[in-house]
Amino acid sequence: MKLKYDLHIHSCLSPCGSDDMTPANIAGMAMLAGLDVFAVSDHGSTKNCRAAAEAAEEYGLVFVPAMELTTDEESHILCLLPELKAAEEFGEYVHSKLADVQNRPEFFGNQFIMDANDNILGIEDRLLISATSISVEQVPSLVEGYGGVAIPAHVDKDSFSVLANLGFFDKRWGFPAVEITRRGDKAALAELHSDLRGMAFITDSDAHQLDALPDAEFELEADERTAKAVIEAVRRGSLSGRLEV
Ligand SMILES: [Zn+2]
Ligand SMILES: [Zn+2]
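This note's numbering numbers the first residue of the sequence shown as 14 and each following residue consecutively.
Take a look at the structure:
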C-alpha cells in the first residue's frame, strides 16, 4: 500500500526545534498535513519518541521512532527504528557516545522531554547537536543491530551531510537509500557521484517549526501500516524513486 510519509521531523527536544514542536502538536499537524506515517528524529536522542508514539496512536497515524545521529565526521544520518524499546536502547547507546558538552539553552535552544499531553517531563542537559564518536561507516550495521535502518540525511546539503563532510558517497558503507531535500537536483547528484546512481531516495521536511510541516507529498510502498513495514520498504528501496542521470 502507498503511505504518505515524512520521516524527518524535529521536536522541542532538538535545541534547534521550536518549543511548540511538542510530540502532540507534531502528531496533530501530521494528521492535518495528510500524512499516513511520520517520524520524530531529534538530534542525538529518542527521548520524545514515546510521547510521539502515543499521540500518533490517538490520530490513527503510523509512527516511526527515529533519531538524526551526528557522526564523528559531523555528518547527519537518519536512523529509523522498528519500535520504542529498540529506539530507547539505541538512544542510550548513542548518548554514551555523545560528546560531553552541556547545552546552553540561551544560545542553542531548549531541549524539552515531553509526554503526550504537552507536559514537560524533563530537560536534556547534554548538547544534542554535538558529534558522537560513531563513524559514518559504523552506522548501518549499528542501526541494523536494533532492527532499524539508517539513511544519510539531506545528502545534497552543503553542511552536515556525507557529501559535504567527506566529499564522496561510498556504496560499500551499506546504506540502502539516501535522503534528498525537496530542492535537491537529483540528476546533478547522480552525475557528480557515480556511487549514488541507482540509489533509492526519500524526501522529508526536516521541519523544525510547526508551520514548516508541508502537506503530504511523498509516498513509499509498504506491505502494511506499521513502522516495521516502513523500515522494510526503505531496505528494499520501495520509496520515492531512484537517482538517475
Ligand atoms: Zn541534519
Ligand atoms: Zn534534521
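C-beta atoms are modelled at their ideal positions from N, C-alpha and C, and glycine is treated no differently.
- Here the distance from the Cβ of Phe173 to the nearest heavy atom of ligand 1 is below 7 Å.
- A direct Cα-to-Cα measurement between Gln115 and Ala190 gives close to 33 Å.
- Burial state of Gln222 is exposed, judged by a 10 Å Cβ sphere holding fewer than 16 other Cβ atoms.
- At a Cβ-Cβ threshold of 8 Å, Gly57 and Lys17 do not count as neighbours.
- Counting other Cβ atoms within 10 Å of its Cβ, Met80 reaches 16 or more and is therefore classed as buried.
- Secondary structure of Arg185 (DSSP, three-state): helix.
- As DSSP reads the structure, Cys92 sits in a beta bridge with Met80 and Ala163.
- Shown here, Gln115 sits in a strand according to DSSP, grouped into three states.
- Membership of Glu234 in the beta strand (DSSP E) is indicated by the continuous run Glu232 to Glu234.
- Glu245 places its beta carbon 8 Å or farther from that of Ala203.
- If the five residues before and after Gly104 are omitted, its C-beta is found closer than 7 Å to the C-beta atoms of Ser58, Thr59, Lys60 and Met80, all from its own chain and listed in chain order.
- Between the region 195-210 and the region 59-78, the count of Cβ pairs shorter than 8 Å is below three; the stretches do not touch.
- When C-beta atoms of the region 33-47 are compared with those of the region 141-158, fewer than three pairs fall below 8 Å, so the two segments do not count as touching.
- Within the chosen limit of 7 Å, ligand 2 does not reach the beta carbon of Glu192 with any heavy atom.
- The alpha-carbon separation between Leu74 and Val243 amounts to approximately 13 Å.
- Short of 8 Å from the beta carbon of Glu102, and not among the five residues preceding or following it, lie these beta carbons of its own chain, in chain order: Tyr159.
- Phe188 is positioned such that its CB atom lies no closer than 8 Å to that of Glu87.
- If you check the CB distance, Ile90 and Ile142 do not come in under 8 Å.
- Between His21 and Asp55, the beta carbon gap of about 10 Å keeps them out of contact (Cβ cut-off 8 Å).
- Where Glu192 is concerned, there is no enclosing alpha helix (DSSP H), although the beta strand (DSSP E) around it starts and stops at Ala190 to Glu192.
- For the options Leu226, Pro95 and Ala129, the alpha carbon positioned closest to that of Lys241 is the one of Pro95.
- Judged by beta-carbon spacing, Ser251 lies beyond the 8 Å limit of Ile215, meaning their Cβ atoms are not closer than that value.
- Those residues having their beta-carbon less than 5 Å away from any non-hydrogen atom of ligand 2 are, in chain order, Glu81 and Asp219.
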